[in-house]
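Enquirer: Residue numbers (the numbering used here): 1 to 651.
#1: Report the rounded CA-to-CA distance for residue 362 versus residue 604, giving the unit in angstroms.
#2: Quick one: which unbroken alpha helix (DSSP H) runs of 4-plus residues sit fully inside the stretch 57-127? Chain order, please.
#3: Given a cut-off of 8 Å on the beta-carbon distance, is the pair residue 517 and residue 398 in contact?
#4: Can you look up residue 212 in the DSSP assignment and give me helix, strand or coil?
#5: Do you know how far the Cα of residue 414 is from the Cα of residue 478?
#6: Run through DSSP, which three-state label would residue 138 get?
#7: Do the stretch 209-228 and the stretch 176-183 meet, that is, are 3 or more Cβ pairs less than 8 Å apart?
#8: Count the other C-beta atoms from every protein chain shown that fall within 10 angstroms of the C-beta of residue 352, then say buried if there are 16 or more, exposed otherwise.
#9: Taking only the alpha-carbon atoms, compute the straight-line gap between residue 436 and residue 408 and give it to the nearest angstrom.
#10: Check whether the Cβ atoms of residue 27 and residue 90 sit closer than 8 Å, and answer yes or no.
#11: Relative to the alpha-carbon of residue 411, which residue among 339, 266, 601 and 497 has its alpha-carbon at the smallest distance?
#12: Cα separation between residue 87 and residue 72?
#13: Got a sec? Which residues, its chain only, sit under 7 Å from residue 429 by beta carbon, not counting five neighbours each side?
#14: Should residue 520 and residue 347 be called a contact, given that it needs their Cβ atoms to be closer than 8 Å?
#15: Does the beta-carbon of residue 38 have 16 or more other beta-carbons within 10 angstroms, so that it is buried, or is it exposed?
#16: Could you spell out the range, first to last residue, of the alpha helix (DSSP H) harbouring residue 303?
#17: Look up residue 286 in the DSSP assignment and give the residues it is bridged to.
#18: Would you call residue 21 buried or exposed, if buried means 16 or more other Cβ atoms sit within 10 Å of its Cβ?
#19: Tell me, please, which residues DSSP counts as bridged to residue 598.
#20: Who are the near neighbours of residue 558 in its chain, counting only those whose CB is closer than 8 Å to its CB and skipping five residues on each side?
#21: To the nearest angstrom, report how far apart residue 291 and residue 118 are at their CA atoms.
#22: Would the stretch 319-326 and the stretch 198-206 be scored as touching if the rule is three or more Cβ pairs under 8 Å?
#23: Can you give the beta carbon distance from residue 333 to residue 473, rounded, assuming they're within the 8 Å contact cut?
#24: Are the beta-carbon atoms belonging to residue 463 and residue 606 less than 8 Å from one another?
#25: Considering only DSSP beta bridges, list what residue 246 is partnered with.
#26: With DSSP as the reference, label residue 578 as helix, strand or coil.
#27: Straight-line CA distance for residue 207 to residue 504?
#28: Under a three-way DSSP split, which group does residue 508 fall into?
#29: Between the alpha carbons of residue 531 and residue 221, how many angstroms are there, rounded?
#30: Sorted by chain position, which residues of the same chain lie with C-beta nearer than 8 Å to residue 258's C-beta, five sequence neighbours on each side aside?
#31: Count the C-beta pairs between the stretch 91-102 and the stretch 145-160 that are closer than 8 Å, then say yes if the count reaches three, no if not.
#32: Measure the CB-CB distance between residue 165 and residue 80 and report whether it falls below 8 Å.
#33: Can you give me the Cβ contacts of residue 498 inside the same chain, cut-off strictly under 7 Å, excluding the 5 residues immediately before and after it?
#34: For residue 446, tell me which candidate among 626, 486 and 403 has the shortest Cα-Cα distance.
#35: When you compare only the Cα positions, how much space is there between residue 138 and residue 85?
#36: Run through DSSP, which three-state label would residue 329 get?
Written out as structure tokens, the structure reads:
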């Protein structure tokens, strides 16, 4: 019985096993059939869809940034170029653990908190997804090697080469050239869709100066390429490419040598110098001091760097050359021309100056500068002598006789009251007051007591150093005003310069002086510098002559000019009429101005100088103007390296 049971148990086990094998085989067959069916479905029926998905993961379209156009001065010196740097970048969408990777990079390349903060700011401003954002600019060779060693731990990160702007003259031409920096969302939002698409391959745009004004010329057109990437996001090969169109190279009227000389001539003073070619209106030099190194802004300036830049309190980012201020006595030649034009005076008109002026029927005196010296005046004086001796009394009376509205209309002739510069849009228009202007802007009537101060440039009237240089150039150019302009032309593929022709449309109301009137004022301005002391008539010397005499260096060319001193605060006058200027803080000291020009028949240069809180125009600003004219009119001997060194010494 036991034997039969064992035999039956074996058969039963075999039967059970066979049944299980059949069930398992059927199950496996069903699974394999389902798998084959699914593979057929994916490979045959969904082939197009998944092939496209696969190529999308492998193939990427990306933008190619164009090379920015170069900027040259009139002599072919490179003032803004491009240089290669290597940056650490990251595509946020492909980074696995961004915060962990950034922490790791602290030890790999000494990534600082400031670097991370700037990266997060750039990331927040990124306008196009799936594009790389710089984490750290200008990697060293050691840092590149360290990143390469740890690349497998940094998904989404890469070292990319980039051409960035470089300014070899640093602060010497910073305010004139401006700078480029990272584009932001606000700037992109202000563009049309077509314009914005042209910035998808770059993160830089002109922010100020020439870089901003001629952004369209300098930027170029973005290119495109299709690339194959591996699973780490690294580019393996380029499959298709549309080359970018590089920006146009441009040539300025600026003379880099003259720019450096003007920078050095200002020394430690704050101020501005603008030089203009009277025949063309081309800006030969435009200096604002203190300046700054625009290279700091190209890849993004840190808070620490910006704080260091501004710690002096002298606003180095502020362009003093195009900011308006009262011009002091430098306005007198133009007031004189207005008097001649309107027939209020003639060249023979003589007044007696006792040292002050009084409005008819008023007792309040308007003092001449001689009153503070010896309580006397200039005596009998005509327009010529009033200009070269800078007689306030003469111009007080002339302004009153002309009236503020005729002064307003005439000064418009020389580009005051508007930004006449063709390609310097940031420049102030200044202020040319009139009865209508005061009512409209201040809601007040014009008072007779305000007019005398307008005759000597110490009233409401304001002008920029750029405007004063252009007006001086108009006198040098025998009464013809050429609007200031920075751009001379563009450079073609053949290396030839194509001059850009601008049409002068400066003054809407031209009250042009006659050649005789211009000749009179021109000769009087020559005597400002060259008229020596006449023992028969007190103070018959020009207001800048003592400085020329004391320099011990006679002029080697004819030069005309006019000094000016602008009062910053009202000084107290005691009972004896003495002015108290003791213990005046520097920020309240008078500003010094000087306009000058080459007085030859074919004048080649005109210049305006502003020295902030510098003192007397004839003693402080005149030497700066002379240094600029000397550098331009006399033979040059400096090399490019020596010119660049001028900027280094000024720092």
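All C-beta atoms in this analysis are idealised placements derived from N, C-alpha and C, irrespective of residue type, glycine included.
These numbers come from a predicted model, not from an experiment.
Expert: The short version:
#1: 46 Å
#2: 98-108 and 113-125
#3: no
#4: helix
#5: 12 Å
#6: coil
#7: yes
#8: exposed
#9: 10 Å
#10: no
#11: For residue 411, the nearest C-alpha among the options comes from 339.
#12: 27 Å
#13: 417, 418 and 419
#14: Yes, these two residues count as a Cβ contact at 8 Å.
#15: Classification for residue 38: exposed.
#16: 303-310
#17: 274
#18: exposed
#19: 559, per the DSSP bridge assignment.
#20: 526, 598, 599 and 600
#21: If I take the Cα positions, the gap works out to 24 Å.
#22: no
#23: Wrong, their Cβ atoms sit about 13 Å apart, outside the cutoff.
#24: Note that the C-beta distance between residue 463 and residue 606 is not below 8 Å.
#25: In DSSP, residue 246 forms no bridge with anything.
#26: Note on residue 578: pLDDT 47, under 50, position unreliable in the model; the coordinate value appears next. If DSSP states are grouped into helix, strand and coil, residue 578 belongs with coil.
#27: Straight-line measurement puts the Cα of residue 504 at about 26 Å from the Cα of residue 207.
#28: Any reading at residue 508 needs caution, since the residue's pLDDT is 48, under 50, leaving its predicted position unreliable; the model's value is listed next. DSSP places residue 508 in coil when its eight states are reduced to three.
#29: 58 Å
#30: 275, 284, 285, 628, 631 and 632
#31: yes
#32: Going by C-beta atoms, residue 165 is nearer than 8 Å to residue 80.
#33: 489, 490 and 492
#34: 403
#35: 5 Å
#36: helix
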